[in-house]
Each structure stands twice: as C-alpha cells, then as structure tokens.
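If you're matching them up, the sequences are chains A and B in order. Residue numbering for the first sequence follows the working numbering, beginning at 971 and increasing consecutively. Residue numbering for the second sequence follows the working numbering, beginning at 103 and increasing consecutively. Just so it is clear, CB atoms sit at the ideal spot from N, CA and C, and this is done for glycine as well.
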Amino acid sequence: MTDIVSTAPIQVAGGRRRYFDPGYWILNLLTVAFAAIWFFPVYWALATSFKTDDEAVRPGINLLPEAIHLDGYAFVIQNSNLPIWYVNSIITSVAVTVLAVVMAACAGYAISQLKFPGRKLLWYTVLASFMVPVSALIVNHFIIIADVKLLNTHAGIVLPMPITPVTVIVYKNFFDSMPREYREAALIDGANEFQLLFRMFIPMNWGVTTALAIITFIGAWNSFLWPFLVAQNERMMTVTVGITAVQDTFGVAYARVLSGAVLASLPVALAYLIFQRRVTQAITLSAGIKG
Amino acid sequence: MTKNSRSEYLVAAVLVAPFVLIFGWMFIYPTLQMLQLSFTKSPLIGAGTWVGFDNYIKMFNDRTFWTAIWNTSYFVLLTVVPGTAAAMIIALMVSRLNGWVQSIILAAFFLPYILPVTVVYLIWDWMLNLQFGIAQFIIEPLAGKRVNVWRTVPWFMPMAALLTIWWTNGFSILLFLAGLRNIPRELYEAAALDGASRWQVFRSITWPLIWPVTVLCLTIQLILQLKIFDQVYLFAQGGRTQATMVLVQFIYEQAFQKNSGGYAATIAVALFVIVVGFSLLQFQVLRARGGNK
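This is the structure:
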C-alpha cells in the first residue's frame, strides 16, 4: 500500500526515468486493474441489459451477452410509464437548472457589484444557509407545497430545489474578480445594469455558467428524496424515482429492470462524458478550490 | 447623486427579488415552521395542539431514535475515513498516468458519482442478488454460504457503506487530483536531486501539502453522510427497517407513514442541530487552516 502511494510523485516530477523501472509498470497495471474492478458494476449492468431475461439468470459467470438484445429496452419503453417519467424529468430538471442559475447570477451580481441596504445581511444569510441540511426541511416543504395545492405537479417538484447557496457564492466570487474598469467604461458608455450583467458579466464568465448549469442539471435529474415524496401519482414521477416502480412490477426480470436503469442514467452519463472538464471545474469550485 | 443611488437600489431589488423570494419561502420559512411544529402534537397536514417540550422528552426516551443515531454514526464511521483514504490512494494512482490513459481511468473511477441513487440501488441489488448475483461468487467463499445481504443486519451497514464509497468517491478523487496538481513541481525536482526515496518524498512533500484537501474531503463527507437516507431506505424496503433505521429515514417514517408531523419535526430539529454543529466545526477547522498560512 505504501509503495503505491510513495511512487506517485515520480510522474509528477516529469516522468524522466533513465532506466527501466519494473515497479513503475507494475503500479500502472495495478491502477488499470483496480479501475476495471471499480467500473465492473456499471459494465455488468450494461451487459445484463443487453441479455434476454433467461440469459441473465443462467448459472455461471457469462461476462459477455450472447448478442446485443434490445428486448429489455423495448419492453420497458412500451410497458411502463418510462417515457412519461422522462418528460417529467426533463421538464423539472431544466426548470430547476434555469431557475437556480439565473437567480444565483442575478443575486451574485447584485451582492458583488451594487450597493444597497441589506447587502451584507443577504450575503451572510447565504453563507450561513450553506450549513442547513435540506433533508431536515422535507416535512415542512411537504406541508408548504400541500398548502398551495401543488402536490403531484411539476411546480411542486421544482419549487424547493433551486435553492443553491453555493451557486450564489461561486458567482459572487467570480464577479468580484472582474476588473473594475470594464464596468466603469460600460457605464460611461450608457449601459444599464441589466445590460452589464447579461451582455458582459455572464458572457465573460460563460465557462462558470456552463459548469454550474451542468452540475445543477445532473443534481436535479438525480435527486430522489423530494421528488419521491411530492410525486406520489405514478404519472407525475421522475425517471429517477420511477425506475424502482418498474422493478416492483416486473419482479425478477433483471434484463428489463437494468434496461430501465441504463435509460435513466443516459442523460447524466452523456452530460458528464461530453462536458467532463466542466463537471470537474464545477465540483472543485463548489468545494471552494479555485478551478 | 441620491437619484443615482436610489436607482441602484431599485436595480438591486429587482435582481435579488427572485432569489430572496424563493429563498425565504423555501428555506427560512420552513426552518422556522419546523421549529414551531416541533412543539406541537399534530398530523402531517392539519392543525395541531401546543404541547411544549413533550416531543423532545418523547424523542430522548425513544429507543428507535437512539437506534437511528447509532446507525447514522456507524454509517459515518464506515464511510468517511475509509472513503477519503480510498479517494486519496486512487487520486495518487491516477495522477501517475498521462494523456488519454489518464482520462479513461479517471472516467472509470468517476462515472458512478453521476449515477442516480436508484440506478446505484438497482445495480447493486442485481450484483448481490441471493440467487443470481455475480458478487455472491466472492461472498460465498468468504462467508461459507450465500448471504442475503440486505436482509442480514450485520451485513447491511458495511455493504451500504461500501457501495456508498463506490458511488460518491468521484467527488473526493477530483478534489485530491486538484490538490496534487497544485503542488509545485520544483519541490519534486529538488527532492530528486537530493536523492530522496519515494517514501521520503511522499512523507515530506506530498502528504503535508495535500493535508488541507484531506481535511476538506473529510469534513464534506462527514456532513454529507450524516444525511444518509436514499440508499438505506431503498435497500431496507420490505425488510426489517427498524434495525437499520437512520435519522432522515426516521423523520420520513414518522411524518409520512405514521402521520405525526409534530414528532417528525422534532427529529428534524435534532438532525438540523447535529449538522449545523458539525458545519460550524468544519468552518472553525478551515479557518484555523487559513490562519496558519
């Protein structure tokens, strides 16, 4: 174990090895093997989803499906509410993302660039709310949403979710670091604050906005507890909640169940694979490390 | 001048209004309402009666509450330090690689992090299936028999912890990689010139310089895992949920299955206090770290 750890800096130091180093290659092989084991459950879910239900429960270890069967996928799409859940997930996740990012950008801009009474108070409240566990508020969220008759609606799912103090904090910090002269020059040219925000501050921090939007979208798509509580009608469920209902109705048909699981993760997996760098940036930013 | 600053107030008000509105409605208001509700005996929906500290007295005498506290602590113990250690080792391994190989290996380690929890549940339910699960080929030689993991209490939490580490570790791995990248190369070059051994290099350069990231990961993980619910709820469905009860699950049970809104709010206050307490501690730790620099 210590050996794995201690060799790490070699590559960091430029990787100039003047002699053949077997330790170096053994460690690299170990890394690849470990990554393969780590990834195996994901692979196994994919492999199972391409099998037939009989093939999936055949005794022994069959690492490869005999052929790519799409029966499981076809069955789930035709015989469950998955298409509706998909629509629900897209509507709610996009709404949460747009609301969270726009609200945070506006609030972050005001706190960073404008003088107004209550600015300090607002900023400290945002900082403090960072600590509040949203899962402690589920009971009261439910009561509030029931009060305004929004249970089992898209709005009900969306409303408590775009509260992301981190997003405000990240925006505020980025806007703080914009050079003062830009703003002054634009103001002299007769631009108003809204133009400044939407034509200058956001476009100049476009990378941050994309990063925050992607991570918010992934988070909204994946959120379980709140959508699970508020959408009890099966036709209002999101995919993330719904796929467990598939399992309940299909029983031990694992190829079908895992086809549902693969379909449910497809958008977030693609978002990650396409925007890898942005996801990484968003994660390091939200943890307070400069990315 | 006054006209200018007044219009600035107006613009600011328009900009912060949506955030403040939703924030007040969905954050401040429910927090206060939760406090108020915890002093009443009331159903989930509907009016209640003021009962003072009765709910709190009930909670401290409730065995299930202490089971939930114990299980949550046990889960935290099983995930936070082992998970962070695993993330550090993985980050050190990944940082040795270069180019596209590094990207692929990192993606393999990171991908589980972006999966929805229900997908993680379905994958591991299948992996560990008593009859057909591929993981039983490992469990059988170790335990001497196939184990119905989610129905066997001593297996439940360790396995839930293991797959939680598998699921959430990508986050810590990225933080460690960022930390490793921030270590100046010159330090390693100087150490190489001095003929330092690999272990010496790790002990006196890498370890002290990624220690702040380690503390950050530990505290983030601690606060995250205190709020454990999803996995435990999903895997315990249909089994003996009392034995593996965690705090958020207890709130859920009291509010949505037993219809005691007041008591559920009391447990929520307890969770609130615990999490805010640890967050303040985290804040102190991070500030102390900042002060040292």
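Would you say residue i reaches chain B, if we count a Cβ-Cβ gap shorter than 8 Å as a contact?
i	result
F1194/A	yes
T1210/A	yes
Q947/A	Summary: the structure shown does not reach residue 947/A, with chain A confined to residues 971 through 1261, and so no result is reported for it.
L1157/A	no
W1008/A	yes
A1125/A	no
R1247/A	no
T1001/A	yes
I980/A	Per-residue confidence for I980/A stands at a pLDDT of 40, beneath the threshold of 50, marking its modelled position as unreliable; no derived number is given.
S1235/A	yes
H1039/A	no
L1107/A	yes
M1170/A	no
K1130/A	A small correction: the amino acid at residue 1130/A is Pro; Lys does not occupy that position in the sequence shown. Yes, contact with chain B.
S976/A	Low local confidence applies: a pLDDT of 36 at S976/A is under 50, so the model's placement there is unreliable, and no value is given.
T1250/A	yes
T1254/A	yes
Y1043/A	no
Out of the options, state which residue places its alpha-carbon closest to the alpha-carbon of residue i.
i	options	result
V387/B	V315/B, E355/B, V350/B	V315/B
I1253/A	V1178/A, A1239/A, T1214/A	V1178/A
I1127/A	V1138/A, M1207/A, Q1048/A, Q1217/A	M1207/A
E291/B	T308/B, A170/B, A280/B	T308/B
E1036/A	A1006/A, F1045/A, T1018/A, V1046/A	T1018/A
L230/B	I376/B, F337/B, V118/B, F121/B	F337/B
G281/B	L311/B, S144/B, V118/B, T174/B	L311/B
A1015/A	N1203/A, P1173/A, L1236/A, N998/A	L1236/A
I1213/A	W995/A, E1025/A, S1059/A	S1059/A
I376/B	V1102/A, V1064/A, V1211/A	V1102/A
L324/B	T270/B, W257/B, S299/B, A245/B	T270/B
V1263/A	F380/B, A237/B, T174/B, V221/B	With chain A covering 971 to 1261 only, the question about residue 1263/A has no answer from this structure.
R1153/A	S1147/A, K1142/A, L1166/A	L1166/A
W313/B	P120/B, P286/B, Q233/B, F278/B	F278/B
Hey, is residue i's beta-carbon within less than 8 Å of any beta-carbon in chain A?
i	result
N394/B	With a pLDDT of 42 at N394/B, under the threshold of 50, the predicted position of this residue should be treated as unreliable, though the coordinate-derived value follows. Cβ-Cβ to chain A under 8 Å: no for N394/B.
G363/B	yes
E242/B	no
V317/B	no
P184/B	no
V118/B	yes
W202/B	no
T266/B	no
I225/B	yes
R198/B	yes
E355/B	no
A170/B	no
V113/B	yes
T346/B	no
Assign residue i to one of three DSSP states: helix, strand, or coil.
i	result
T1134/A	coil
T1022/A	coil
T266/B	helix
G1258/A	coil
I1172/A	helix
T343/B	coil
G364/B	helix
D227/B	helix
Q233/B	coil
R305/B	helix
I1038/A	coil
D1159/A	coil
F211/B	helix
Q283/B	Looking at the sequence shown, residue 283/B is not Gln but Arg. Helix.
M1148/A	coil
A298/B	coil
M103/B	Because the pLDDT of M103/B is 44, which lies under 50, any placement of that residue in the model is unreliable, and the question is left without a value.
G1126/A	helix
K1142/A	helix
D1117/A	helix
S381/B	helix
M261/B	helix
G1088/A	coil
R248/B	coil
S1050/A	coil
R1028/A	coil
Assuming residue i contacts residue j under a Cβ cut-off of 8 Å, what Cβ separation, rounded to an integer in Å, is found between them?
i	j	result
A1070/A	T1137/A	6 Å
V1046/A	R1226/A	6 Å
A1239/A	L289/B	Not really, about 38 Å apart at Cβ, beyond 8 Å.
What ranges does the alpha helix (DSSP H) occupy inside the stretch 1190–1254 of chain A, keeping only unbroken runs of at least 4 residues that lie completely in it? Taking 4 residues as the shortest admissible run, the stretch 1190–1254 of chain A contains the following complete alpha helix (DSSP H) segments, listed from N- to C-terminal end: 1195–1200, 1209–1220, 1224–1244.
Length at least 4, wholly inside the stretch 130–181 of chain B: the alpha helix (DSSP H) runs in chain order: 131–139, 156–162
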